[in-house]
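Down below is the structure, laid out as structure tokens.
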């Protein structure tokens, strides 16, 4: 075997009766060199000297573990509104299992754009009335509205409670779906509510429940590879790097932290243990500029009431989009009823 052509040796009789041997042709240097260049290393060969492929490390924010421990330290008192009046505290522990799960979902639906104190008071009245899918359907809209008032956008929530109760009573026997896909199909239920309902009602961690507090604090701490615009984007970004065993804990940790220290407006950075590592520390929230063509504030009282209302509102994509469509109509009706 030679580089180049394959040579075969044979004997041929000549005219003189003797045999002569064929000569070996010389291999072409260019062809031999070309074949050497075409030799490729097989990557899956089990060579001892093979160089291991480089591993790509998952992105994680710097100092996040230390920041999380300090937030746990600040939250060890468990005395925030979410600790005393959150969805985990609003259901009747003596009720049947399917009714308890239904009450968890109802409390989450009422909590959208509403303070925990108001949600807890509404749930207390609903439980005294009888908070089950069957009882909600048997209650007329006017009475149901009085029971849940003054939760945010209570008129819209009366409609969603009725529609959701009808679906649950018909398809689930008054219980709630045991999957995120089934929960988000219900009227007025968004991703945040679905993941929290799976955790609280079904004891299954399906994702991170991200509300306005988790969304705001994650961006302030730099826990996201790039800033996000809404809670759903924040949820996906957090789930890319945050260990799954922390998904259930992170919601109540950051919600309580946002209610007591990392406030939406004028956060108490001087009291925060993360003031040296937080990239947003001691940065005042910039005032919102009015949109072009918007009318000026009528008076200082109306401006203060508007600012207090805006600080109370929490947003979640999916469920709250339906609520916002009728926001202006609801406010006009409230003002008309007060005047009358």
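In UniProt numbering, the protein residues as written are 1 to 340. Note that CB positions come from ideal geometry on N, CA and C, so glycine has one too.
For residue 152 versus residue 213, is the C-beta spacing smaller than 7 Å? no
Residues near residue 241 by beta carbon distance below 7 Å, same chain, minus five either side: Cβ neighbours of residue 241 beyond the five flanking positions: 58, 59 and 60.
With DSSP collapsed to three states, give me the class of residue 212. helix
Is residue 203 near residue 248, with beta carbons less than 7 Å apart? no
Contact belief for residue 221 with residue 103 at Cβ below 8 Å, rounded distance in angstroms: Wrong, their Cβ atoms sit about 33 Å apart, outside the cutoff.
Can you give the beta carbon distance from residue 205 to residue 244, rounded, assuming they're within the 8 Å contact cut? 7 Å
Can you give the Cα-Cα distance for residue 148 and residue 63, rounded to whole angstroms? Each residue's alpha carbon lies about 43 Å from the other.
Is the segment 89 to 96 close to the segment 175 to 192, with three or more CB pairs under 8 Å? no
Under a three-way DSSP split, which group does residue 122 fall into? helix
Whole runs of the alpha helix (DSSP H) within the segment 242 to 276, excluding any shorter than 4 residues: 247 to 260
By alpha-carbon positions, which one of 124, 109 and 169 ends up nearest to residue 187? 109
Cα separation between residue 256 and residue 85? 11 Å
With distances taken Cα to Cα, identify the nearest neighbour of residue 207 among 135, 251, 166 and 89. 251
Excluding sequence positions up to five away, which residues of its chain have a Cβ less than 8 Å from the Cβ of residue 173? 98
Identify whether residue 176 lies in helix, strand or coil by the three-state DSSP scheme. coil
Own chain partners of residue 72 with C-beta closer than 8 Å, once the 5 adjacent residues on each side are dropped: Take residue 72, set aside five residues on each side of it, and the residues of its chain with a beta-carbon closer than 8 Å to its own are 253, in chain order.
Leaving out five residues on either side along the sequence, give the residues of the same chain with a beta carbon under 7 Å from the beta carbon of residue 167. 186
Residues near residue 145 by beta carbon distance below 7 Å, same chain, minus five either side: 154, 155 and 158
With a CB to CB cut of under 7 Å and the five nearest residues on each side skipped, what residues in its chain are close to residue 88? 200
Would DSSP call residue 154 helix, strand or coil? helix
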